[in-house]
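Participant: The sequence shown lines up with residues 9 to 264 when you count with this note's numbering.
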Amino acid sequence: MSYQLRQHGPHGVTTVVFPHLQVPHGFSTRLGGVSQGSFSALNLGWLTTDEREAVSENQARFDEHVGFAAPPTLRMEHGVEVAVVERPLEERMVGDACTTDNPAVGLSLTTADCVPILYHDPANRAVALAHAGWRGTVAGVALTTLQTMQKHYRTRPEEVKVAIAPAIGPCCFEVDADVAGPFERRFPGEDLVVSAGTKWRINLWRANWLLLVRSGVRPDNIVVGDLCTACRQDLFFSYRRDRGHTGRMVAAILPG
Ligand SMILES: [Zn+2]
């Protein structure tokens, strides 16, 4: 199992897709949009300073590409709250993850370095998305999302399929002791934190993978889309690389 870049439609919109998730989904790249400058081209960040008309056109292109409407679901706070979305939303819910089993609800969330995690429970026709920055990773948003699916949809961890999408990689996520310390304490004995001179580098993909596997998700049901958002300037926006002045990607999924 692996991931693929899928280009489709007249504008060259390209998403990262995970074929083991058997429902409509995608993680956007910056390709195929109309935004200019730092936001070039497929900026899906409604809360950035980009022109609204451009983001609106980008959103329409992305929705057409994935095959469903994926308006922003969440107002994110780098925590572990999971929004249970029972019907199409009129405004964003607060949380860093969301879940639904309503086939009329397309979930989506934005990132620009944080780790997007997509979940599909084929037995109960439920899906979820989580957004794990370093704080959310340490706090375990990958787990609270799975637990919420268990509670609301009877999801069994050994049956759920998970995709860990492109994010800032261990090549580029360099931190100080205030961030390295919590990871060392949360994941003792794992080589997630590597010393780099006076700093440390952290593997957020591996941290979230470990949290999921320790909770009963089968390793062969997890695919890591290990493209680094900071290295791959050709494909992705990166908050860190671009010093905050950048666009946003979207992870989106629809129950089957
Ligand atoms: Zn990198």
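All C-beta atoms, glycine included, are put in the ideal place defined by N, C-alpha and C.
Threshold first: 3 residues or longer. Then list the beta strand (DSSP E) segments lying entirely within the stretch 141 to 226, N to C.
Facilitator: You should have 169 to 172, 201 to 204 and 207 to 210.
Participant: Please specify which runs of the beta strand (DSSP E), each continuous and at least 3 residues long, are wholly inside the stretch 18 to 91, giving them in chain order.
Facilitator: Entirely contained in the stretch 18 to 91, the beta strand (DSSP E) runs reaching 3 residues are, in chain order, 22 to 25 and 33 to 36.
Participant: Near Arg100, which residues of its chain fall below 7 angstroms by C-beta distance, leaving aside the five closest residues on each side in sequence?
Facilitator: In the sequence shown, counting from the first residue as 1, residue 100 sits at position 92. Excluding sequence neighbours, Arg100 sits near Pro80, Thr81, Leu82 and Arg83.
Participant: When we look at the beta-carbon of Val168 and count the other beta-carbons within 10 Å, is it buried (16 or more) or exposed?
Facilitator: Walking along the sequence shown from the start, residue 168 turns up at place 160. Classification for Val168: buried.
Participant: Does the Cβ of Cys236 lie closer than 7 angstroms to at least one heavy atom of ligand 1?
Facilitator: Here residue 236 is taken as the residue at index 228 of the sequence shown, counted from 1. It does: the Cβ of Cys236 is within 7 angstroms (strictly closer) of some heavy atom of ligand 1.
Participant: Given a threshold of 16 other Cβ atoms within 10 Å of its Cβ, counted over all protein chains shown, does Val58 qualify as buried or as exposed?
Facilitator: Reading the sequence shown from its first residue, position 50 is the one you call residue 58. As written in the sequence, residue 58 is Asp, which differs from the Val given in the question. Flag for Asp58 reads buried.
Participant: Examine the Cβ distances between the stretch 238 to 254 and the stretch 156 to 166 and report whether three or more of them are shorter than 8 angstroms.
Facilitator: Verdict: no, contact absent.
Participant: Am I right that Pro124 and Phe35 are in contact with their C-beta atoms under 8 angstroms? What's the rounded C-beta distance?
Facilitator: Walking along the sequence shown from the start, residue 124 turns up at place 116. Walking along the sequence shown from the start, residue 35 turns up at place 27. About 6 angstroms separates the two Cβ atoms, so the contact holds.
Participant: May I ask which residues mark the beginning and end of the beta strand (DSSP E) holding Val231?
Facilitator: As a working mapping, residue 231 is identified with position 223 in the sequence shown. Element bounds for Val231: Ile230 to Val232.
Participant: Could you pull the DSSP bridge partners for Leu124 from this structure?
Facilitator: Taking the first residue of the sequence shown as position 1, residue 124 is located at position 116. Note on identity: in this sequence residue 124 is Pro, with Leu being the wrong assignment. Bridge partners of Pro124: His139.
Participant: Quick check on Arg14: does DSSP put it in helix, strand or coil?
Facilitator: As a first step, residue 14 is located in the sequence shown; it is residue number 6 there, counting from the start. Arg14 falls in the strand class under three-state DSSP.
Participant: What distance in whole Å lies between the Cβ atoms of Leu200 and Arg214, which are believed to be in contact at a cut-off of 8 angstroms?
Facilitator: Within the sequence shown, residue 214 is the residue found at index 206, counting from 1. Within the sequence shown, residue 200 is the residue found at index 192, counting from 1. That belief holds up - the Cβ atoms of Arg214 and Leu200 are roughly 5 angstroms apart, short of 8 angstroms.
Participant: Judging by CA-CA distance, which residue of Thr108, Val170, Phe195 and Trp54 is the nearest neighbour of Ile210?
Facilitator: As a first step, residue 210 must be located in the sequence shown, where it is residue number 202. Of the candidates Thr108, Val170, Phe195 and Trp54, the one whose C-alpha sits nearest the C-alpha of Ile210 is Phe195.
Participant: If you follow the beta strand (DSSP E) that Ala112 is in, where does it begin and where does it stop?
Facilitator: On the sequence shown, position 104 is the one that residue 112 refers to. Run containing Ala112: none; DSSP gives neither H nor E here.
Participant: Determine the extent of the beta strand (DSSP E) in which Met257 is found, giving its start and end residues.
Facilitator: Taking the first residue of the sequence shown as 1, we reach residue 257 at position 249. Its beta strand (DSSP E) spans residues Met257 to Ile261.
Participant: Exposed or buried, what is Gly45 when buried is set at 16 or more other beta-carbons lying within 10 Å of its beta-carbon?
Facilitator: To locate residue 45, count along the sequence shown from 1; it is residue 37. Burial call: exposed.
Participant: Under the DSSP definition of a beta bridge, which residues are partnered with Asp129?
Facilitator: In the sequence shown, counting from the first residue as 1, residue 129 sits at position 121. According to DSSP, which records beta bridges pairwise, Asp129 is partnered with Ala134.
Participant: Taking 7 angstroms as the line, does the beta carbon of Cys180 fall inside it for any heavy atom of ligand 1?
Facilitator: The sequence position of residue 180 within the sequence shown is 172, counting from 1. Yes; taking the cut-off as 7 angstroms, the Cβ of Cys180 has a heavy atom of ligand 1 nearer than that.
Participant: For Cys179, is the classification buried or exposed, using 16 other Cβ atoms within 10 angstroms of its Cβ as the cut-off for buried?
Facilitator: Taking the first residue of the sequence shown as position 1, residue 179 is located at position 171. The residue is exposed, with fewer than 16 neighbouring Cβ atoms inside 10 Å.
Participant: Which same chain residues, not among the five before or five after His253, have their C-beta less than 6 angstroms away from its C-beta?
Facilitator: Taking the first residue of the sequence shown as position 1, residue 253 is located at position 245. Result list for His253: Ser46, in chain order.
Participant: Excluding the 5 residues preceding and the 5 following Val93 in the sequence, name in chain order all residues of the same chain whose CB lies nearer than 8 angstroms to its CB.
Facilitator: Position 85 of the sequence shown, counting from 1, holds the residue named residue 93. So the qualifying residues of the chain are Thr81, Met101, Cys106, Thr107, Thr108, Asn110, Val113 and Leu115.
Participant: Whole angstroms is fine: what's the gap from Ala77's alpha carbon to Gly189's?
Facilitator: Within the sequence shown, numbered from 1, the residue matching residue 77 stands at position 69. Within the sequence shown, numbered from 1, the residue matching residue 189 stands at position 181. In a straight line, the C-alpha of Ala77 is about 40 angstroms away from that of Gly189.
Participant: For ligand 1, I want to know if Cys106 counts as a neighbour, meaning its beta carbon is within less than 7 angstroms of at least one of the ligand's heavy atoms.
Facilitator: In the sequence shown, residue 106 corresponds to position 98, counting from 1. No, the beta carbon of Cys106 sits no closer than 7 angstroms to any heavy atom of ligand 1.
Participant: At the level of alpha carbons, what is the spacing between His28 and Thr206?
Facilitator: The residue you call residue 28 lines up with position 20 of the sequence shown. The residue you call residue 206 lines up with position 198 of the sequence shown. Their backbone Cα atoms lie some 40 angstroms apart in a straight line.
Participant: For Gly275, is the beta carbon positioned less than 7 angstroms from some heavy atom of ligand 1?
Facilitator: For residue 275 there is no data in the structure shown, the boundaries of the chain being 9 and 264.
Participant: Is the beta carbon of His128 closer than 8 angstroms to that of Gln30?
Facilitator: Walking along the sequence shown from the start, residue 30 turns up at place 22. Walking along the sequence shown from the start, residue 128 turns up at place 120. A contact, by the Cβ cut-off of 8 angstroms.
Participant: Cβ of Cys239 versus every heavy atom of ligand 1: is any distance shorter than 7 angstroms?
Facilitator: Taking the sequence shown and counting its residues from 1, one reaches residue 239 at position 231. It does: the Cβ of Cys239 is within 7 angstroms (strictly closer) of some heavy atom of ligand 1.
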